[in-house]
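Working notes for the structure below.
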Amino acid sequence: MNDKRYLLDTVSVTRISLDVLMSDFVQEKCVVPAEVYYEVGSAGKREAIQRIAEAPSASLFGKVRDLLLSAGVNNQVLDLYQNQGNGDIILVATALSKEESEELSLFKTKWTIVSDDKNLQDLAQINQILVISTEAFKERLRKHQHQLPAS
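Heads up, the sequence shown is in our numbering, so the first residue is 1 and it goes up one at a time.
Below you can see the structure in the form of C-alpha cells.
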C-alpha cells in the first residue's frame, strides 16, 4: 500500500488553523520545506510547523536546477527580483526529489502539494505532481478524523 504525504505551501499554512497544524495528522503526514517555513509570518504557526520543517538537500537543489532549466519555468512562476515564486520551485522540486529517492521502492509514497497558488499548480501539473487546494486538504483531514476510533 502506498503512503500519502503532503507538502504544505505558505499560503495554505496561513489558511489552516493553528490547532489543525498541531494535529497528529499534519505532524505525521505533512512536510514543510525550509523555504516555506521561513516565509510564514506568524510566530505561532511557525512554531506549530517547526517539527515538520525540512532542510534542503543536495538532491533538492539538483531538482531546482532542473526546473529552472526546463521550459516550464517562466517569469510567471519565479521572479527573484520581486521575491516571488521561491517556495513554488522548492515545493515542486521537493516532491520530485522525494519521489525520485523512492524510485526503486516497491511501496512508494505519493506526495501531494497543498496550495491555492495557480502558478504553483501549473508548474506541478507540468511535472506530474498532484496538487490539491487548502479546502480539499481540510476535507481530507475531516474524513481522516471521522475514521479515528473514539477514545
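We put the CB at the ideal spot given by N, CA and C, even for glycine.
Check whether the Cβ atoms of THR112 and LEU130 lie closer than 9 angstroms to each other.
yes
DSSP three-state assignment for THR112, whether helix, strand or coil:
strand
For a quick check, are the C-beta atoms of ASP9 and LEU91 less than 9 angstroms apart?
yes
State the start and end residues of the unbroken beta strand (DSSP E) segment that holds ARG5.
4-8
Indicate whether ALA7 and VAL26 have their beta-carbon atoms separated by less than 9 angstroms.
According to the sequence provided, residue 7 is Leu. The question's Ala does not apply to it. Cβ distance not < 9 angstroms, so LEU7 and VAL26 don't count as in contact.
Apart from the five residues just before and just after ILE132, which ones in its own chain have a Cβ nearer than 7 angstroms to its Cβ?
THR112 and VAL114
Evaluate GLU35 with the Cβ neighbour count: other Cβ atoms within 10 Å of its Cβ, from every protein chain shown; 16 or more gives buried, anything less gives exposed.
buried
What residue range is occupied by the uninterrupted beta strand (DSSP E) comprising ILE132?
130-132
Going straight from the alpha carbon of GLU139 to that of GLN145, what length do you get?
10 angstroms
Those residues which DSSP pairs with PRO33 across a bridge:
GLU54
Residue from ALA93, VAL20 and GLY44 whose Cα sits closest to the Cα of ALA55
ALA93
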